[in-house]
């Protein structure tokens, strides 16, 4: 059975530092629904968390924290600076993403616009929009990303400065994400 989440815009990339967060921030800046927008940054890499992060839920398998700091250069800081109402930072291996998703389903309504940066979540949900970001001349595309290419609603190339698709072509209407004509 498909787990359709029309209110989630999912951004994944072909690797690290390919422009995922930059595109998310440009999108946040464009959106009319900023005052309701929630962003979730998921990382499969575990490291010590910044003291400004408010830990909401912690198990031995994952950590969910709320970003409260608009200063700083971490991805979650940048999303908050761009105008998102709330930003959550999650550290979780893919095996525990169902538990993370279940937590967010309890605290966020299906009408809440959500931008989520996560590759692994695409295996669990069918989002309103699924965007794949690739850096031009990237010869080291992750195998999983190649599989996601056929699932992506839009494959976006990033040249280090600009994207071949602009964030103003995306809208959140009728509780779902869409690419404008």
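Residue numbers (my numbering): 7 to 187. C-beta atoms are modelled at their ideal positions from N, C-alpha and C, and glycine is treated no differently. Keep in mind it's a predicted model, so treat the numbers as computed, not measured.
For residue i, three-class secondary structure by DSSP
{"i": "residue 169", "result": "strand"}
{"i": "residue 63", "result": "strand"}
{"i": "residue 104", "result": "helix"}
{"i": "residue 13", "result": "strand"}
{"i": "residue 35", "result": "helix"}
{"i": "residue 19", "result": "strand"}
{"i": "residue 123", "result": "strand"}
Proximity test, Cβ basis, 7 Å: residue i and chain B
{"i": "residue 29", "result": "No chain B appears in this structure, which consists of one protein chain only."}
Residue nearest to residue i in terms of C-alpha spacing, selected from the options
{"i": "residue 191", "options": "25, 26, 10 and 30", "result": "With the chain running from 7 to 187 in the structure shown, residue 191 is simply not present."}
{"i": "residue 39", "options": "178, 9 and 50", "result": "178"}
{"i": "residue 144", "options": "12, 21 and 15", "result": "21"}
{"i": "residue 18", "options": "170, 187, 160 and 167", "result": "160"}
{"i": "residue 166", "options": "142, 180 and 158", "result": "142"}
{"i": "residue 53", "options": "62, 69 and 41", "result": "69"}
{"i": "residue 99", "options": "51, 78, 55 and 62", "result": "51"}
{"i": "residue 113", "options": "78, 77, 130 and 63", "result": "63"}
{"i": "residue 171", "options": "181, 182, 180 and 187", "result": "187"}
{"i": "residue 32", "options": "176, 116 and 67", "result": "176"}
Residue i, enclosing alpha helix (DSSP H) - first and last residue
{"i": "residue 47", "result": "Here residue 47 belongs to no alpha helix (DSSP H); instead the beta strand (DSSP E) covers 44-49."}
{"i": "residue 189", "result": "The chain is shown only over 7 to 187; residue 189 falls outside these bounds and no answer can be derived."}
Neighbour-count burial assignment, residue i, 16 or more Cβ in a 10 Å radius
{"i": "residue 10", "result": "exposed"}
{"i": "residue 185", "result": "exposed"}
{"i": "residue 82", "result": "buried"}
{"i": "residue 128", "result": "buried"}
{"i": "residue 149", "result": "exposed"}
{"i": "residue 13", "result": "buried"}
{"i": "residue 61", "result": "exposed"}
{"i": "residue 123", "result": "buried"}
Boundaries of the beta strand (DSSP E) in which residue i is found, first to last residue
{"i": "residue 77", "result": "Run containing residue 77: none; DSSP gives neither H nor E here."}
{"i": "residue 135", "result": "132-141"}
{"i": "residue 152", "result": "Taken as a continuous stretch (DSSP letters only), residue 152 belongs to no beta strand (DSSP E), being part of the alpha helix (DSSP H) at 149-155."}
{"i": "residue 182", "result": "182-185"}
{"i": "residue 163", "result": "160-164"}
{"i": "residue 118", "result": "Segment: none, residue 118 is in no beta strand (DSSP E) and carries neither H nor E."}
{"i": "residue 93", "result": "92-98"}
{"i": "residue 72", "result": "68-72"}
Is the region 92-105 in contact with the region 72-80, if contact means three or more CB pairs nearer than 8 Å? yes
Can you confirm whether the region 78-86 touches the region 42-51 when touching is taken to mean that 3 or more C-beta pairs between the two stretches lie within less than 8 Å? yes
I want to know whether the region 102-115 touches the region 18-37 - three or more CB-CB distances under 8 Å. no
With contact counted as at least three CB pairs below 8 Å, one residue from each stretch, are the region 152-160 and the region 132-144 in contact? yes
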